[in-house]
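Colleague: My questions all concern the structure below.
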């Protein structure tokens, strides 16, 4: 049986209930996506997600450390993984 190729466009009928598309700022949503992904990665650290530290200065220091770890993982992953591996494999 041969497949018949149809050369028709989509069949969406305009009606009264059909609304026009929403205009959106793509650059704004790209920037928002970057910020949301950054917060998502920071929340993977338990102390940051649960606000374990009571003092704001300590919480801010934890944020800085978490951001530094994320940055180091992204820029030089081999150094970080080898350093963590050697720190875990040391004999106490």
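In my numbering, the protein residues as written are 1 to 92. Here a beta-carbon is modelled for each residue, glycine too, at the ideal position from N, C-alpha and C.
So, at 6 Å on beta carbons, what are the nonlocal neighbours of residue 20 in its own chain, with the 5 sequence-adjacent residues on each side left out?
Modeller: Closer than 6 Å at Cβ, skipping near neighbours: no residue.
Colleague: Out of 56, 55, 67 and 31, which has the shortest C-alpha to C-alpha gap to residue 43?
Modeller: Ranking 56, 55, 67 and 31 by Cα distance to residue 43 puts 67 first.
Colleague: Do you know how far the Cα of residue 28 is from the Cα of residue 35?
Modeller: When rounded, the distance between both Cα atoms is 11 Å.
Colleague: So, helix, strand or coil for residue 30, using DSSP?
Modeller: The answer is helix: DSSP assigns residue 30 an H, G or I state.
Colleague: Would you give the residue range spanned by the alpha helix (DSSP H) that residue 62 belongs to?
Modeller: Taken as a continuous stretch (DSSP letters only), the alpha helix (DSSP H) holding residue 62 covers 56-75.
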